[in-house]
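In this text, residue positions in the sequence shown follow the working numbering: the first is 6, and each later residue adds one. Quick reminder that beta carbons are idealized off the backbone N, C-alpha and C, glycines included.
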Amino acid sequence: MKANFLEEIYLELQCGISKNGHPFRCFALGSIGLESGVGLRTVVLREVSENLRLTFYTDDRSPKIAEMKHNGEVSALFYHPEKRWQLRITGNAVIEENPILLEGIWENLPPNSKKDYTTATAPGSLLNKMDDLTYLDVKNHFCTVQIVPFFIDFLKLGHSHHTRIQFSLEKGDWKGTFVVP
Ligand SMILES: Cc1cc2nc3c(=O)[nH]c(=O)nc-3n(C[C@H](O)[C@H](O)[C@H](O)COP(=O)(O)O)c2cc1C
6 MKANFLEEIY LELQCGISKN GHPFRCFALG SIGLESGVGL RTVVLREVSE
56 NLRLTFYTDD RSPKIAEMKH NGEVSALFYH PEKRWQLRIT GNAVIEENPI
106 LLEGIWENLP PNSKKDYTTA TAPGSLLNKM DDLTYLDVKN HFCTVQIVPF
156 FIDFLKLGHS HHTRIQFSLE KGDWKGTFVV P
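What follows is the structure, encoded as structure tokens:
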């Protein structure tokens with residue numbers, strides 16, 4: 006039965022990629038700050054594998070990349086208002102460094118999306134005015150990050166009762182435990 010929940014989670018995450026406007030299209034990504042504190046931002050879910058590895062795209066100069074290089078443990082938070090699901094996925098961030106793989110994805114990105122990874126200066130850099138925002142012609146800073154999960158906390162709100170299951174990866178298999186919501 007717990008395995009069925011895991012399958013349902015996987016299918017719903019897939020919908021986040023394939024269905025326009027699906028609430029799992031975006032998620033809140035949490036990372037650990039360089040000095041202290043927690044970094045949180047919204048990112049778009051680009052890919053999900055059967056073992057629930059999640060991929061998002063970013064600029065390799067963005068502060069979150071430095072944070073993940075310093076401490077790879079990250080958390081992904083999803084919320085589905087209609088299903089009343091909260092999904093928290095904890096894992097290790099793996100930054101793709103293979104230029105051939107990156108080039109293959111880059112080639113297929115729409116021109117407008119490419120702009121997100123070609124600003125002349127790094128995300129978060131100061132601008133005197135918005136008109137000062139310029140783009141690189143040739144070089145890009147596109148990179149992909151895969152979250153390799155090891156823990157999932159799934160909460161489903163119900164009318165008579167809520168259901169909460171925690172899944173941990175043990176020797177390559179997900180083990181689920183019901184916990185008090
Ligand atoms: C709806 C939405 C989707 C976003 N998707 C992404 C994304 O897929 N990748 C990304 O790097 N930033 C994305 N952003 C911008 C981030 O939330 C964030 O502002 C930016 O990446 C800088 O984050 P950092 O300073 O923590 O590195 C998105 C923002 C919004 C509002």
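Quick check on residue i: buried or exposed, where buried means 16 or more other Cβ atoms within 10 Å of its Cβ?
i: I70; result: buried
i: P104; result: exposed
i: T47; result: exposed
i: V150; result: buried
i: S54; result: exposed
i: M135; result: exposed
i: M6; result: exposed
i: V79; result: buried
i: F183; result: exposed
Would you list the one or two residues that DSSP bridges to residue i?
i: H85; result: W90
i: D158; result: R93 and Q171
i: E52; result: T60
i: S80; result: G35 and T95
i: L45; result: G35
i: T223; result: With the chain covering 6 to 186 only, the question about residue 223 has no answer from this structure.
Need the endpoints of the beta strand (DSSP E) that residue i sits in, please.
i: K7; result: First-last for K7: K7 to S23, but that is the alpha helix (DSSP H), not the beta strand (DSSP E).
i: L34; result: C31 to I37
i: K180; result: D178 to F183
Please report the residue range of the alpha helix (DSSP H) in which residue i lies.
i: K144; result: No alpha helix (DSSP H) contains K144, which DSSP labels as neither H nor E.
i: P68; result: P68 to H75
i: G109; result: P104 to E112
i: K119; result: P116 to K119
Legend entry - Three-pair Cβ contact test at 8 Å for the segment 129-137 versus the segment 6-25: No, the segment 129-137 is not in contact with the segment 6-25.
Inset, instruction - Taking 8 Å as the threshold, find out whether the segment 56-65 comes into contact with the segment 141-152 through three or more Cβ pairs. - result: A contact between stretches requires three or more CB pairs, one per stretch, nearer than 8 Å, and the segment 56-65 meets this requirement with the segment 141-152.
Inset, instruction - Spell out a yes or no on whether the segment 76-89 and the segment 25-41 are touching, meaning 3 or more CB-CB pairs, one atom from each, closer than 8 Å. - result: Judged by Cβ distances under 8 Å, the segment 76-89 makes contact with the segment 25-41, as three or more pairs qualify.
Inset, instruction - Could you tell me whether the segment 165-177 touches the segment 111-127, where touching means 3 or more Cβ pairs closer than 8 Å? - result: Judged by Cβ distances under 8 Å, the segment 165-177 makes no contact with the segment 111-127, as fewer than three pairs qualify.
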